Amino acid sequence: MPRALILCFAAATLFAAPPVTRKLDVVDTYFGVKIPDPYRWLEDDNSLDTKAWVKAQNEVTSAYLAAIPERSRIQERMTRLWNYERYGTPGRYGKNYVYTHNSGLQNQSVLYVTEKLEEKGRVLLDPNTLSTKGTKALNGTSVSGDGRFLAYGISDAGSDWITWKVRDIATGQDLVDEVPWSKFGGAEWTKDGSGFFYTCYDAPKTGEALTAVNKSQKIRFHKLGTAAVEDRLVYERPDKPDWFLVPAVSEDGRWLILAINEGDSPKNCVLLQDLTKPGSAFQPLFDAFDAQYSVIGNDGDTFYVETDCKAPRKRVVAVDLKNSAQVAWRELIPQAQNKDVIAGATLFGSQLAVTWKVDALNLVRFYDLKGKFLREVKMAGIGTLSGFGGRREDTEAFYSFTSYNQPPTLYRYDLKKGKSSVFRTPKVEVKPENYEVKEVFYASKDGTKVPLFLAHKKGLVLDGTNPTLLYGYGGFNAAMSPGFSVANLVWMEMGGVYALACIRGGNEYGQTWWEQGKRETKQNVFDDFIAAGEYLVAQKITSPAKLAIHGGSNGGLLVGACLTQRPDLFAAAIPAVGVMDMLRYHRFTIGWGWQSDYMCSDFKDGFENLIKYSPLHTIKPGTKYPATLVTTGDHDDRVVPAHSHKFTATLQAAQAGPAPILTRIETDAGHGAGKPTSKQIAERSDMWAFLVKNLGIRLPAGFGK
2 MPRALILCFA AATLFAAPPV TRKLDVVDTY FGVKIPDPYR WLEDDNSLDT KAWVKAQNEV
62 TSAYLAAIPE RSRIQERMTR LWNYERYGTP GRYGKNYVYT HNSGLQNQSV LYVTEKLEEK
122 GRVLLDPNTL STKGTKALNG TSVSGDGRFL AYGISDAGSD WITWKVRDIA TGQDLVDEVP
182 WSKFGGAEWT KDGSGFFYTC YDAPKTGEAL TAVNKSQKIR FHKLGTAAVE DRLVYERPDK
242 PDWFLVPAVS EDGRWLILAI NEGDSPKNCV LLQDLTKPGS AFQPLFDAFD AQYSVIGNDG
302 DTFYVETDCK APRKRVVAVD LKNSAQVAWR ELIPQAQNKD VIAGATLFGS QLAVTWKVDA
362 LNLVRFYDLK GKFLREVKMA GIGTLSGFGG RREDTEAFYS FTSYNQPPTL YRYDLKKGKS
422 SVFRTPKVEV KPENYEVKEV FYASKDGTKV PLFLAHKKGL VLDGTNPTLL YGYGGFNAAM
482 SPGFSVANLV WMEMGGVYAL ACIRGGNEYG QTWWEQGKRE TKQNVFDDFI AAGEYLVAQK
542 ITSPAKLAIH GGSNGGLLVG ACLTQRPDLF AAAIPAVGVM DMLRYHRFTI GWGWQSDYMC
602 SDFKDGFENL IKYSPLHTIK PGTKYPATLV TTGDHDDRVV PAHSHKFTAT LQAAQAGPAP
662 ILTRIETDAG HGAGKPTSKQ IAERSDMWAF LVKNLGIRLP AGFGK
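Just so we're aligned, residue 2 is where the sequence shown starts under the numbering used here, counting upward by one.
Shown next as structure tokens:
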């Protein structure tokens, strides 16, 4: 590394200014258009130069945040509130129930097993014992149908890579089995518990585990007691390297159900293999990528399917394998005549539990297997209702309800009586009645009505002075909904307003809502989010000087695009693990799969669309940008940290205003899943301190007491 660069880093640390990042003469030509990429060298996360840059940036950011006097009070308050007992939804397997539990500040939740839900039972697996830093996390669990074995996936430092192991539930001891290099899939046991199916890729080359492109996924079968190298190949399509494979075993054990997606597109096909006939060929149930098909159960050759085929807001049909043509389908639950959407369906206890999304809020309706309506479960208040999973023989189910002012409360549902009872209530230092949660609607640029959830202390004065954090995602057919977060509760205690915009690109209103926010129509997503900010200002909830935006992953792209398109509207921005380089995203790990939402710069129409909004390429030198804290993880192998690094360096060089442009790069952390509690608390405390400084927030008297 040049000595001048080292001196520059040292000076930056001393004066709390970001280091000047060196530029290289790298230029790509796209269809006759030359695009400079001077920070290409930051794509190599293993280079000494990149490591030194990361270290220098973190030092500057740490010094800046440490100098904010309110930060320690925020972290103390957040730690105290986070320290509450949490239970996961139980699942029943044979005579046992399995559930997760966290005593409060444990870095990772612990897996417990018990025969009686009234008793805590015993520890089945404690991930906290696997790493002193809490960076090894459970990334998938699967219990064999007879309840004898637990297959569990372990990920290290937030990576998407999984190593599967097997534990004997009765003894609590691990078997010899160890299956590495699995990714993007679970473990599906055969009915006899002799082994499981799983998804995998070829092992990456040394040093390339976090950056190598992942293609040509395979399905293998692991037989208990054997070495992973002996695992049988079940399915692969080398001629279709862009296919994602999702295996499942039917509850009766007869069928291996293989859902296949082209990249991250929700449209899929479904193949079946009869497991009673070893080595039999796969046969199609749905053989065209024309819609989304989700098999939710079966009776022999009859399959119950949730689909948006000829129903953009979804319906439930019964399909006979002997005649699976559309004309022969039996429609059990038709698409709603209004704008309501089927958000999910499960089959257990010989009943269908269907989650309906009504203006981005959930309710659950039960039907018999002929589609006759039985009853409805609907919670009072604005929040998220979820759960209702189980098996055909079950007579009970569990579900939860949560909101911004209510931690997840677990309920036990009696299928025979159709009645609910409270099972677990978290004890958190929060009084729901002190906060207001509401849903409003605003008009986007093209007049589309968009839902917006607002949460804040009661008695909010609409004078435009309230610090407000606006969050969004807007992509990949994923819906947003209200939920409890200790960090957001602390934000509201600080006097802040929390806003969630259910923008296009998700599926809050079905297939059409997604299609209006992807590929050629992606700008609608940014317009929706910008319109949310304008609405908050127009309603005098806040003002541009008090408005911040936040989002992660695809939501990080959202924040990056909006702060470059409308830097005047926001005072602060926190893009997390964002997709910032839209011209090269497809060249790393699993990025190629996102073309269903983004298009691709390898094609002229893709390049011409992406260059219009790519956050990295729409930064304009000499512009006054809002205070920005870019966050990422050095082990993120989904959205590689180079996205954030290059965006940070470019924004720092372009900034013409006084607001800081900083980056916070978490070590031994990935895209977010499995992040230890201690790291979550530290990260959120830093974020809120950054907003305190840059939104001019005065903590209320008595805050944290």
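Glycine is no exception: its CB is placed at the ideal position from the N, C-alpha and C atoms. This structure is a prediction, so every number in the text was calculated from the model and none was measured.
Outcome for residue i when other beta-carbon atoms lying within 10 angstroms are tallied against a minimum of 16
{"i": "Lys-418", "result": "exposed"}
{"i": "Ser-351", "result": "exposed"}
{"i": "Gln-174", "result": "exposed"}
{"i": "Met-688", "result": "buried"}
{"i": "Ala-11", "result": "Its pLDDT being 32, under 50, Ala-11 is placed unreliably in this model, and the value from its coordinates should be taken loosely. Under this definition Ala-11 is an exposed residue."}
{"i": "Gln-540", "result": "exposed"}
{"i": "Asn-435", "result": "exposed"}
{"i": "Lys-547", "result": "buried"}
{"i": "Gly-561", "result": "buried"}
{"i": "Ala-5", "result": "Any reading at Ala-5 is ruled out, since the residue's pLDDT is 33, under 50, leaving its predicted position unreliable."}
{"i": "Asp-415", "result": "exposed"}
{"i": "Val-34", "result": "exposed"}
{"i": "Ala-381", "result": "exposed"}
{"i": "Ala-549", "result": "buried"}
{"i": "Arg-316", "result": "buried"}
{"i": "Gln-76", "result": "buried"}
{"i": "Ala-690", "result": "buried"}
{"i": "Met-2", "result": "Here the model assigns Met-2 a pLDDT of 30, short of 50, so the residue's position is not dependable, and the following value carries that caveat. Label assigned to Met-2: exposed."}
{"i": "Phe-16", "result": "Summary for Phe-16: the model assigns pLDDT 37, below 50, so the residue's position carries little reliability; its value from the coordinates is reported in the next sentence. It is exposed - the Cβ of Phe-16 has fewer than 16 other Cβ atoms within 10 Å."}
For residue i, the first and last residue of its enclosing alpha helix (DSSP H)
{"i": "Leu-49", "result": "49 to 67"}
{"i": "Glu-535", "result": "524 to 539"}
{"i": "Arg-81", "result": "72 to 83"}
{"i": "Ala-488", "result": "487 to 494"}
{"i": "Asp-687", "result": "678 to 696"}
{"i": "Thr-565", "result": "555 to 566"}
{"i": "Asp-598", "result": "596 to 599"}
{"i": "Leu-652", "result": "643 to 655"}
{"i": "Gln-512", "result": "512 to 516"}
Proximity below 8 Å, CB of residue i to CB of residue j
{"i": "Tyr-412", "j": "His-457", "result": "no"}
{"i": "Thr-164", "j": "Ile-170", "result": "no"}
{"i": "Gly-476", "j": "Gly-506", "result": "yes"}
{"i": "Tyr-100", "j": "Tyr-113", "result": "yes"}
{"i": "Ala-533", "j": "Val-451", "result": "yes"}
{"i": "Pro-483", "j": "Ile-343", "result": "no"}
{"i": "Gly-511", "j": "Asp-309", "result": "yes"}
{"i": "Leu-501", "j": "Phe-571", "result": "no"}
{"i": "Pro-91", "j": "Phe-399", "result": "yes"}
{"i": "Lys-278", "j": "Asp-302", "result": "no"}
{"i": "Leu-617", "j": "Thr-651", "result": "yes"}
{"i": "Tyr-88", "j": "Gly-148", "result": "no"}
{"i": "Asp-582", "j": "Asp-161", "result": "no"}
{"i": "Leu-82", "j": "Val-423", "result": "no"}
{"i": "Ser-401", "j": "Thr-410", "result": "yes"}
{"i": "Asp-157", "j": "Lys-184", "result": "no"}
{"i": "Tyr-31", "j": "Ser-615", "result": "no"}
Closest residue to residue i among the options (Cα-Cα distance)
{"i": "Lys-311", "options": "Leu-416, Thr-513, Pro-409, Arg-221", "result": "Thr-513"}
{"i": "Asp-635", "options": "Ala-628, Pro-627, His-644, Thr-629", "result": "His-644"}
{"i": "Phe-222", "options": "Thr-207, Ser-195, Gly-208", "result": "Ser-195"}
{"i": "Asn-339", "options": "Pro-242, Trp-357, Lys-268", "result": "Trp-357"}
{"i": "Val-28", "options": "Val-21, Asp-38, Lys-206, Pro-20", "result": "Asp-38"}
{"i": "Leu-1", "options": "Leu-370, Ala-354, Lys-371, Gly-372", "result": "Outside the shown range of the chain, which is 2 to 706, sits residue 1, and nothing can be said about it."}
{"i": "Thr-626", "options": "Ile-662, Asn-610, Phe-604, Cys-601", "result": "The sequence given here places Tyr at residue 626; Thr does not occur at that position. With distances taken between Cα atoms, Tyr-626 lies closest to Ile-662."}
{"i": "Ser-445", "options": "Phe-527, Pro-20, Leu-386", "result": "Phe-527"}
{"i": "Ser-295", "options": "Ala-213, Pro-248, Phe-197", "result": "Pro-248"}
{"i": "Asn-129", "options": "Glu-252, Gln-58, Gln-107, Lys-371", "result": "Gln-107"}
{"i": "Asp-300", "options": "Asp-360, Trp-256, Lys-373, Glu-209", "result": "Trp-256"}
{"i": "Ala-346", "options": "Ala-282, Gly-388, Ala-480, Ile-531", "result": "Gly-388"}
{"i": "Lys-694", "options": "Tyr-236, Tyr-65, Ser-325, Gln-327", "result": "Tyr-65"}
{"i": "Ile-793", "options": "Gln-653, Asn-525, His-646", "result": "Look at the range of the chain in this structure, 2 to 706, and you will see that residue 793 is not part of it."}
Element boundaries [beta strand (DSSP E), containing residue i]
{"i": "Leu-633", "result": "Looking at the sequence provided, one finds Thr at residue 633 rather than Leu. Its beta strand (DSSP E) spans residues 628 to 634."}
{"i": "Lys-450", "result": "450 to 458"}
{"i": "Asn-1", "result": "Given a span of 2 to 706 for the chain in the structure shown, any question on residue 1 remains unanswerable."}
{"i": "Arg-41", "result": "Careful: Arg-41 lies outside any beta strand (DSSP E) and carries neither H nor E."}
{"i": "Asn-610", "result": "From DSSP, Asn-610 is part of no beta strand (DSSP E) but of the alpha helix (DSSP H) over 605 to 614."}
{"i": "Lys-420", "result": "420 to 425"}
{"i": "His-223", "result": "219 to 224"}
Stretch-stretch touch, CB-based, cutoff 8 Å, three pairs: the segment 574 to 589 with the segment 544 to 564: The segment 574 to 589 vs the segment 544 to 564: in contact.
The segment 189 to 207 contacting the segment 217 to 232, beta-carbon criterion three pairs below 8 Å: With a cut-off of 8 Å, the segment 217 to 232 and the segment 189 to 207 count as touching, because enough Cβ pairs lie within range.
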